[in-house]
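Under my numbering, think of the first position of the sequence shown as 177, with each following residue one higher.
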Amino acid sequence: MEILLMFLCGYIILLGYFSVKKVDRFIDKINTEDAESHFINTSRPIPLLVMGESDLSSKFRMHLEELNIPFDYIEDESSLNTSFPYPFYFALSLDDLSNLSLCIMVTKLIHSSNVVTSCNNPSYIPLYERNGITYYNREQIDEFFLISNYLVHSSNKH
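See below:
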């Protein structure tokens, strides 16, 4: 009787071992397929997002093209695709409310702090500062291009 119980215990242990091993392989297969479906092709750099119809926006887009830096362009914040996380968001509209709206959507919905915007009206500065948004006014355009170049190039190295 004791020998039968030992064989039964051994059988249950082996059955448990192989069952767990099968489940583990199944989970690994799901994780691998999931990772492959969300795999980002590193041979093609991830684009930046530029929003706004303004002179600054068009100059910045031309600047990015000259540097061969890929970007996606949207005219306003309603076109934002929240399912695709960009490494950087540039809100360069002439409308500060559109800029603020995009910046807040990015920080709250996408959980990214890599947002840079232009501040057209100084009365909106407290709103930008209260929300922790990096902003540049019209007099800081040269600084904006320098900082943007640094951010873009430092993100491409990682």
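Each residue gets a CB set at the ideal place from its N, CA and C atoms; glycine is no exception.
- Around the Cβ of I179, a 10 Å sphere holds fewer than 16 other Cβ atoms; the residue is exposed.
- Annotation for N313: no alpha helix (DSSP H) segment contains it, though the beta strand (DSSP E) segment containing it runs T310 to N313.
- Counting only unbroken stretches of 3 or more residues, the beta strand (DSSP E) elements lying wholly within the segment 219-251 are 224-227 and 247-250, in sequence order.
- Membership of Y265 in the beta strand (DSSP E) is indicated by the continuous run Y265 to A267.
- Using a 10 angstroms sphere on the CB of G228, the tally of other CB atoms reaches 16 or more, which defines it as buried.
- In the structure shown, T283 falls within a helical segment according to DSSP collapsed to helix, strand and coil.
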